[in-house]
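Trainee: Before I ask anything, let me first share the structure, which is written out below as structure tokens.
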Amino acid sequence: MTTDSLRTTMIKNARKLIERPENWTKGRYITMEADYLSYCAVGALKTARNKLQNNAIESHCQKNVYDTYWSTFPMFPDKLSDCMLVRYNDAPERTHEEILTLFDQAIKNSEAADQQCG
-15 MTTDSLRTTM IKNARKLIER PENWTKGRYI TMEADYLSYC AVGALKTARN KLQNNAIESH
45 CQKNVYDTYW STFPMFPDKL SDCMLVRYND APERTHEEIL TLFDQAIKNS EAADQQCG
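Residue -5 in this note's numbering is what sits at position 11 of the sequence shown, and the numbering runs on without skipping anything.
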């Protein structure tokens, strides 16, 4: 059994932030609604990344964590950017379930890459 990479941990943590429909949003990275926070896909990833960085990730790993999580999102053939994922997240027809499915596939892709490297 392998340990999750920083990338996999970050994606899993980001997914947890938006697991419930009320914790997912469009049009803003992060919003405060009543007593809870809502995140778009990129806001959740950035928040998860920042939390990992604050938990003493070695400085040489920080950029690597941020850059490599893009490679695990399956629908974007070229290098993904914040802007592309924001547009995907914010599309009027986009559903919460589609975003969770995207994260689930990214987690699978990241775990598969972890196994190949580990």
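The beta carbon of each residue, even a glycine, is placed where N, CA and C say it ideally should be.
For Met(-6), count neighbouring Cβ atoms within 10 angstroms of its own Cβ and tell me buried if that reaches 16, exposed if not.
Mentor: Met(-6) should be labelled buried.
Trainee: How is Met(-15) classed by DSSP in three states: helix, strand or coil?
Mentor: The predicted model places Met(-15) with a pLDDT of 44, which falls under 50 and marks its position as unreliable, so this point remains unresolved.
Trainee: Excluding five sequence neighbours on each side, which residues of the same chain lie with their C-beta closer than 8 Å to the C-beta of Arg78?
Mentor: Correct list, in chain order: Lys10 and Tyr72.
Trainee: Taking its Cβ as the centre, do 16 or more other Cβ atoms sit within 10 Å of Thr85, making it buried, or is it exposed?
Mentor: The residue in question, Thr85, is exposed, as its Cβ has fewer than 16 Cβ neighbours within 10 Å.
Trainee: Between Tyr20 and Ile14, how many whole angstroms is the CB-CB distance? I'm expecting something under 8 Å.
Mentor: Actually they are not in contact, since the Cβ atoms of Tyr20 and Ile14 sit about 11 Å apart, beyond 8 Å.
Trainee: Thinking C-alpha only, which one of Leu1, Ala25, Asn34 and Gln100 is nearest Met68?
Mentor: Of Leu1, Ala25, Asn34 and Gln100, the residue nearest in Cα terms is Ala25.
Trainee: Out of curiosity, what's the CA-to-CA distance linking Asn38 and Pro76?
Mentor: Taking the straight line joining both Cα atoms gives about 34 Å.
Trainee: Quick check for students: name the residue ranges of the alpha helix (DSSP H) that lie wholly in the region -2 to 34, counting only runs of 4 or more.
Mentor: Whole alpha helix (DSSP H) segments, 4+ residues: zero.
Trainee: On the CB-based measure, 16 or more other CB atoms within 10 Å of its CB, does Ala28 come out buried or exposed?
Mentor: Under this definition Ala28 is a buried residue.
Trainee: From the DSSP output, in three-state form, read off Thr79 for me.
Mentor: Residue state, collapsed to three classes: coil.
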